[in-house]
Each structure stands twice: as C-alpha cells, then as structure tokens.
Amino acid sequence: HDRAFLDQVTTGILELDSASHQIHEYPGNYTSYQNQKASEKKRQMDAYQEQQEEIQKLRESAAHLRGIARFRKGGKGDSGDKFARGFFANRTKGTVGRAKQIEKKIEQILTTEKIEKPGGTWQLKVEFNDASSGSRDVVRLENFSIGYDPDHPLVTDINQTVRFGQKIALIGKNGSGKSTLLKTIVGHVQPLAGKIVVGTSIRIGYMDQEQKDLPATSTPLKVISEYFPASETDTRAFLSKFLFFGDNVFTPVSDLSFGERARLYLAILVAQGCNLLLLDEPINHLDIPSRIRFEEALNRYNGTLLAVVHDRYFIQNASTTIWKLENQKLSQIA
C-alpha cells in the first residue's frame, strides 16, 4: 500500500478486478497506473453516455412517428372518400413501419451492442464537520519530557505549540517516542516533566495505532450509537459511508479485520465532532482508495491534526507541518 514505494520501484502493475475476477496489467509505476485507469474510465463513460444519448434520440423518433400515425388514423382518414381513406391508411402504415424499424434498432443495441455503465466501487466517504476553537493555541508543551522511566526518558525538553488549523505529520524512527507523545497529550500516559496546556473548547479525538480502545464485544452499530444519537436506520446509513453494510454492522469488533477497525475508528472521530485529531498511524490498515479518500477529507477538515505517519504520500498530501523526533529531541523540519 506504499504509493511512494510503488512509484520508485515498479515497472508494471497487476490489478485484480473484483467485478470480473480477471487480472489486468498496466505498464509503468503506480502514478502511471492511476493515470491509465482514469483515462480508461473516462473512455468507458464517454462511450456509455454517447450510446445512451443515441438510444434516447431513437426512442423519441419512434414515439414521434407513432404519434403521427395515431393522428392520421383518428383524423382525416375517417372521411367518406374511399381514396382518401386508402391514402391515409397507406401513409399510416408506412409511418408505423418506420417506428417499428427504429424500435427494432433500439432492441438490437440493448441486446447485442449494449455498453454497460462503468461500474463504480463502494468507497470510503469521510466528511468531518466544521471545527471551531476557542483559542488559537490548541496545545502548548513547555519543558516537556515523555517516557516511562524518569531515568531513561524518550524525549526531553519539548517546547512546541500546536496552533489551530495546523496539520502536523510526526515522523521519527521506531521507538523514538511518537506514539508515547500522542498518548501523553491525550492523557493516557503521564509526562515525566514539564507542562501541557490545552486550549479552551478543545475536543480531542484519538486514534490508537494498536486499536485497543475499541470494545471487543461490541458491534459497529452499538459503538457508533454511543456517539451518534439517531435512529437505527440513520446510524446504519452513517456507517455505510465507512463501508459497513448489511449484517456487517452486527459483527463483533473482535471479529473485524484491522482495516475494518480502522474505518470504525474514523467513523467515531467524525461522529465525535472533534476539533483536534491525534492519529497514530491512521492509514496503516487502509487500502489505497480509502487512504486517498481519507487524505481528501483531512484537506477539507478545518480543525487541527497531529498524526504519526510514515506514508510519504500522506505527509505530502495531508500535512502542512512536519515534526521530527530524533536523538531524544523534537524539532520542526518543515
């Protein structure tokens, strides 16, 4: 799922089509594959729409001719003149014949030449509500140190301020303290030293990398009902945006895949209406289309984001600031 990796090392992409169950090959890297898929879908949609317009015109022509035939049959042809009756009967017959020819053409298109509408796949639909803040400084860390052992802190002397509207990507090597920093800000871990100041009216939404905060015996429907006071029908409609359909909403959380749990976390964050998102590796278990939809939603989100992430595309597309943890220090590098 690493798009930057695919761009750098691949010379061809194999796609397993979930509809036809066939494998399609596309030359080039991932970006090339995306461009080819977009062009392919556009050609298919153009051909489909062109045929639909042709069918519509043929149907209108056939309906017009049959209307003329009915008018002639019920009008002038009813006079006592035998010649006139025969003349209008022949003209009516010819008009009906042309209408039948057009209708036969329509039938031929629909049975042997029909172009199917390009199939769309269900995609993640994430839309965060507008977020307001009571203060410009969302989180302020002063002489802040984090870790689990005072004698061996992970990071020391942090002096940083998260300002409203910032989209911060937090990077660093494994074990450098990225997850611990988020857990300390949200209150799951106590700081070793220093002070944290959270701005007024800040509502924090936290997504745990290990997905431990989700109740294992609950279901997506029950989990979301705690944050989304609505009827079951509306709650299920809300969950469908996160690709939970049918009986899947009754599946125990313990039986959900890691990808399904990640989508449930996103649903919780949206339902909570948070204005500060603390996300620990939020896209690890999402497929590429879902990653793209999530990035687009974060770009539209007007709240504040601090996310631990390794995906270079995500950093480029969804962040405005980069913090780096290295050698027990936190610094802003972009």
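Counting in the UniProt record's numbering, the sequence shown runs from 1 upward without gaps. We put the CB at the ideal spot given by N, CA and C, even for glycine. Remember, predicted model here, so these are calculated numbers, not experimental data.
Q | The alpha helix (DSSP H) enclosing Lys178, as first and last residue numbers | A | Lys178 to Val186
Q) Hey, quick one: how far does the beta strand (DSSP E) through Leu26 stretch, first residue to last? A) Checking the displayed sequence, the identity of residue 26 turns out to be Tyr instead of Leu. Residues Ile23 to Pro27.
Q) Any idea what DSSP makes of Ala84, helix, strand or coil? A) Low confidence applies here, because Ala84 scores a pLDDT of 48, under 50, leaving its location unreliable; read the following figure in that light. Of the three classes helix, strand and coil, the one that applies to Ala84 here is helix, per DSSP.
Q | Selected residue, minimal CA-CA separation from Leu276, among Phe245, Arg291, Leu298 and Ile315 | A | Nearest of Phe245, Arg291, Leu298 and Ile315 to Leu276, Cα basis: Leu298.
Q | Whole-angstrom distance between Val309 and Leu6, CA atom to CA atom | A | 17 Å
Q: Alpha carbon to alpha carbon, how far is Thr200 from Tyr148? Give it in angstroms, no decimals.
A: 28 Å
**Q.** Three-way DSSP call (helix, strand, coil) for Ile224 in this model
**A.** helix
Q) Leaving out five residues before and five after Lys241 in sequence, what residues of the same chain have Cβ atoms less than 6 Å from its Cβ? A) Lys125
**Q.** Whether Tyr313 touches Arg3 by CB criterion (8 Å)
**A.** In this structure, the beta-carbon distance from Tyr313 to Arg3 falls below 8 Å.
Q. Any idea which residues DSSP pairs Lys195 with across the strands?
A. Glu142
Q: For Thr112, count neighbouring C-beta atoms within 10 Å of its own C-beta (all shown protein chains included) and say buried if the count is 16 or more, exposed if not.
A: Result: exposed.
Q: Sort out for me which residues DSSP pairs Thr304 with in a bridge.
A: Leu276
Q.
Using the three-state DSSP reduction, which class does Asp149 fall into: helix, strand or coil?
A. Coil.
Q.
With a threshold of 6 Å on Cβ separation, who are the neighbours of Gln36 within its own chain once the five nearest residues in sequence on each side are excluded?
A. Tyr26
Q | Beta-carbon proximity list for Ala84, same chain, < 6 Å, skipping 5 on both sides | A | Here Ala84 scores only 48 on pLDDT, less than 50, and its place in the model should not be relied on; the value that follows carries that caveat. Excluding positions up to five away in sequence, the list is empty.
Q) How close, in whole Å, do the beta carbons of Gln209 and Ser179 come, if the pair is a contact with beta carbons under 8 Å? A) 6 Å
Q. Hey, how far is the Cα of Ser225 from the Cα of Leu243?
A. 16 Å
Q | Those residues which DSSP pairs with Ala169 across a bridge | A | Ala307 and Ile322
Q. Assuming Leu306 contacts Val155 under a Cβ cut-off of 8 Å, what Cβ separation, rounded to an integer in Å, is found between them?
A. The Cβ separation is near 14 Å, so there is no contact.
Q: Figure out for me which residue from Leu58, Thr217, Leu266 and Pro153 has the closest Cα to the Cα of Leu325.
A: Pro153
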